Amino acid sequence: MVITIDGPAGAGKSTVARLLAVRLGFEYLDTGAMYRAVAWLALREGLLDDVDSLCRRLDKIQLHIAGATVTIDGLDATPFLRDPEVTRASTRVAAHPAVRVFLVRLQKKLGESGRIVTEGRDQGTDVFPQACCKFYLTAEPGERARRRLAELTASGVSPLPTLAELEASIADRDNRDATRPTGALRAALDAKLVDTTALSTDQVVELLEREARIRLAAVGAP
């Protein structure tokens with residue numbers, strides 16, 4: 313039983329997906345963290361600009377997610393996943409078809425193991441097209457940049473980028489995510505669209521929970 317939440321950076325996917333999973337008694341899968349973990353490893357081992365070596369390295373990678381903790385080859389990557397450098401690198405890493413194949417295969421395997429709320433950019437379109445319930449979150453670019461700045465501030469990142477820099481970075485990432493040849497950012501035709509610009513986190517979670525429970529009941533889920 314899979315519920316997907318897709319959308320661009322800063323739309324509130326991660327927080328909402330995590331809280332929704334708790335309310336429904338589902339597991340939470342942060343697919344963005346998976347790409348960030350591979351990007352972090354690529355930076356750590358100097359493979360970001362060496363596509364062939366990075367692709368060969370995939371065969372040996374051991375990636376595990378337990379709640380909010382992400383380990384890769386036994387190393388806890390969690391504290392580094394929101395670093396601006398890792399964020400930039402993750403977009404480049406996600407553009408490699410071999411990386412996507414590797415991670416999508418893992419995501420599908422995790423989806424078979426039980427009931428999950430999964431969030432990303434292509435979960436309802438490419439990874440879990442048969443998901444019982446799909447959402448697509450969005451928000452105005454300025455609001456997404458403000459949220460990202462608040463997130464970086466709370467995590468202690470220094471030096472902090474300016475709001476203008478974040479807005480430019482988000483616009484660039486939106487363009488790359490929407491135009492990449494595989495796993496492009498787009499809303500599934502059967503996804504419920506939710507603009508979170510003027511909504512609090514609790515309001516978004518409550519909206520999604522109501523819709524999810526209706527759809528779960530329709531398919532006879534306990």
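Offset between the sequence shown (1-based) and this note's numbering: plus 312. Using N, Cα and C, we set each Cβ at its ideal position, and we do this for glycine too. The structure presented is a predicted model; accordingly, all values stated were derived computationally and were not measured.
In the structure shown, what three-state DSSP assignment does residue i receive?
i	result
Ile392	First, the residue type needs correcting, since residue 392 is Phe and not Ile in the sequence shown. If DSSP states are grouped into helix, strand and coil, Phe392 belongs with the helices.
Glu518	helix
Lys372	coil
Glu463	helix
Asp364	helix
Leu387	strand
Asp502	coil
Thr378	Correcting the residue type first, residue 378 is Ala in the shown sequence and not Thr. Looking at Ala378 - three-state DSSP - the assignment turns out to be strand.
Thr450	strand
Is it buried or exposed, residue i, if we count other Cβ atoms within 10 angstroms and call 16 or more buried?
i	result
Leu501	exposed
Leu461	buried
Thr474	exposed
Pro391	exposed
Thr430	buried
Val517	buried
Gln515	exposed
Pro258	The question about residue 258 has no answer, for the chain in this structure spans 313 to 534.
Val531	exposed
Once you ignore the five residues that flank residue i on each side, which residues in its own chain have a CB closer than 6 Å to its CB?
i	result
Leu541	Because the chain here runs from 313 to 534, residue 541 falls outside it and cannot be looked at.
Leu393	Ala345, Arg348
What does a CB cutoff of less than 7 Å around residue i pick up in its chain, not counting 5 residues either side in sequence?
i	result
Leu375	Met346, Ala349, Ile384, Leu418
Asp388	Thr381
Lys421	none
Arg427	Met313, Phe338, Glu339
Glu455	Thr509
Based on the DSSP secondary-structure assignment, which residues constitute the bridge partners of residue i?
i	result
Val411	DSSP lists no partner for Val411.
Gly432	Asp318
Glu339	Ile428
Asp486	According to DSSP, which records beta bridges pairwise, Asp486 is partnered with nothing at all.
Which residue from the options puts its Cα closest to that of residue i?
i	options	result
Ala323	Val439, Leu415, Ala510	Ala510
Leu508	Ala351, Glu452, Asp395, Phe440	The amino acid at residue 508 is misidentified as Leu; the sequence shows Thr. For the residues Ala351, Glu452, Asp395, Phe440, the minimum Cα distance to Thr508 belongs to Glu452.
Ser470	Asp395, Arg527, Asp434	Asp395
Gln442	Ala457, Arg458, Glu424, Gly454	Glu424
Lys504	Lys325, Asp364, Tyr340, Leu449	Leu449
Leu478	Arg330, Glu397, Leu336, Arg335	Glu397
Apart from the five residues just before and just after residue i, which ones in its own chain have a Cβ nearer than 8 Å to its Cβ?
i	result
Ser326	Asp342, Gly344, Glu431
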